[in-house]
Amino acid sequence: MSDTRVRDERADQLVEAAEALFTAGVMSHSGHANLSARLDGERILLTPGHVRGLRPGQLATVAFDGQVLEGTLRSVSAEITAMHTAVYRARPGVGAVIHTHSPSATAFAVAHRPLPCRTEPMLRFGQAEEVPVVPWGPRGSDVSVRGIVEVLERRPTTSAVLLANHGLLVFGPDAAAAAHLVVAIEESAEAEIAAAAIGGAVDFPPDAREAVRVALARVAS
Ligand SMILES: [Zn+2]
Numbered sequence: 001m002s003d004t005r006v007r008d009e010r011a012d013q014l015v016e017a018a019e020a021l022f023t024a025g026v027m028s029h030s031g032h033a034n035l036s037a038r039l040d041g042e043r044i045l046l047t048p049g050h051v052r053g054l055r056p057g058q059l060a061t062v063a064f065d066g067q068v069l070e071g072t073l074r075s076v077s078a079e080i081t082a083m084h085t086a087v088y089r090a091r092p093g094v095g096a097v098i099h100t101h102s103p104s105a106t107a108f109a110v111a112h113r114p115l116p117c118r119t120e121p122m123l124r125f126g127q128a129e130e131v132p133v134v135p136w137g138p139r140g141s142d143v144s145v146r147g148i149v150e151v152l153e154r155r156p157t158t159s160a161v162l163l164a165n166h167g168l169l170v171f172g173p174d175a176a177a178a179a180h181l182v183v184a185i186e187e188s189a190e191a192e193i194a195a196a197a198i199g200g201a202v203d204f205p206p207d208a209r210e211a212v213r214v215a216l217a218r219v220a221s
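For the sequence shown, full-length UniProt numbering gives the first residue as 1, with consecutive numbering after it.
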């Protein structure tokens with residue numbers, strides 16, 4: 001596929017993912033989020049500083065070192081480039097990264113509480129383990145980025161982290177998968193908080209992960 005076609009395809013996927021997040025109702029009041037997709041080499045496509053009403057042509061091409069190669073970024077987005085590229089560097093299989101302030105997931109981030117995997121969608125959409133918390137550091141700072149890298153090293157199979165006192169960072173093979181996981185995580189966080197009022201959420205049985213793997217394999221075959 002040509003360079004331009006890859007860019008166009010990834011840009012369309014990011015716009016669709018952004019719209020899906022608004023449709024699912026997982027955005028905070030401010031509508032703040034940033035989304036990115038991996039291009040070839042050490043380059044990504046990144047939202048320019050807004051996601052509401054995003055159009056494919058507005059996405060910027062940014063090098064892993066933060067240099068804007070095409071398009072323009074608001075300063076707010078320049079700050080978050082390192083947060084995204086840290087994930088791409090740490091996880092070669094990741095094709096898209098999404099950051100949101102989804103309210104219930106952010107409640108866990110503010111409380112410094114890891115989010116357990118105790119709902120079916122989380123188990124199925126790529127997060128069959130708790131979402132760990134990355135210690136706070138100013139957005140885009142070395143402290144914050146180093147914290148993300150350290151947690152990803154310690155938790156090699158997690159597809160999401162909570163950013164303490166900030167929000168949620170989710171990643172997946174493509175933008176649609178990452179967006180699905182944002183929704184699954186936000187739903188789970190909401191359910192955890194609701195369940196706390198009626199006695200508390202309960203863990204899956206120990207063999208749940210294996211049972212889901214077998215069920216998914218049966219559907220795929
Ligand atoms: Zn943020």
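The C-beta atom is built at its ideal place from N, Cα and C for all residues, glycine as well.
Option nearest residue i by Cα separation, candidates the options
i: H84; options: A176, I148, V133; result: I148
i: V51; options: E42, V68, Q13; result: Q13
i: S159; options: P132, A37, H112; result: P132
i: N165; options: D174, G95, W136, A189; result: W136
i: P121; options: D8, E19, A189, V15; result: A189
i: A86; options: A179, A107, L169, R213; result: L169
i: L54; options: R213, E19, Q67, E187; result: E19
i: E42; options: G71, S2, G95; result: G95
i: C117; options: V6, A111, P206; result: P206
beta-carbon residue i near ligand 3 non-hydrogen atom, thresh 7 Å
i: R139; result: Among the ligands present in this structure, namely ligand 1, ligand 3 is not found.
Span separating the alpha-carbon of residue i from that of residue j
i: residue 235; j: D65; result: With the chain covering 1 to 221 only, the question about residue 235 has no answer from this structure.
i: G93; j: A128; result: 18 Å
i: I98; j: R10; result: 14 Å
i: L39; j: P156; result: 23 Å
i: G126; j: A220; result: 16 Å
i: G140; j: L59; result: 19 Å
i: P138; j: A176; result: 28 Å
i: F204; j: D174; result: 28 Å
i: R113; j: T72; result: 36 Å
i: R146; j: A215; result: 38 Å
i: S2; j: R154; result: 37 Å
i: V6; j: E150; result: 31 Å
i: D8; j: R89; result: 23 Å
i: S30; j: R218; result: 42 Å
i: Q67; j: V212; result: 43 Å
Cβ distance (whole Å) where residue i is taken to contact residue j below 8 Å
i: R91; j: L152; result: 7 Å
i: T4; j: L46; result: Not a contact, Cβ separation roughly 17 Å.
i: F108; j: L181; result: No, F108 and L181 are not in contact; Cβ-Cβ is about 15 Å, not under 8 Å.
8 Å Cβ cutoff met for residue i and residue j
i: I185; j: A105; result: yes
i: A24; j: V183; result: yes
i: S144; j: S28; result: no
i: L69; j: A78; result: no
i: G172; j: T100; result: no
i: G49; j: R74; result: yes
i: A208; j: A201; result: no
i: A37; j: L21; result: no
i: E192; j: L115; result: yes
i: E210; j: T119; result: no
Per DSSP, the bridge partner or partners of residue i
i: S36; result: L46, V97
i: E70; result: T61
i: A160; result: V170
i: V134; result: L163
i: L115; result: V131
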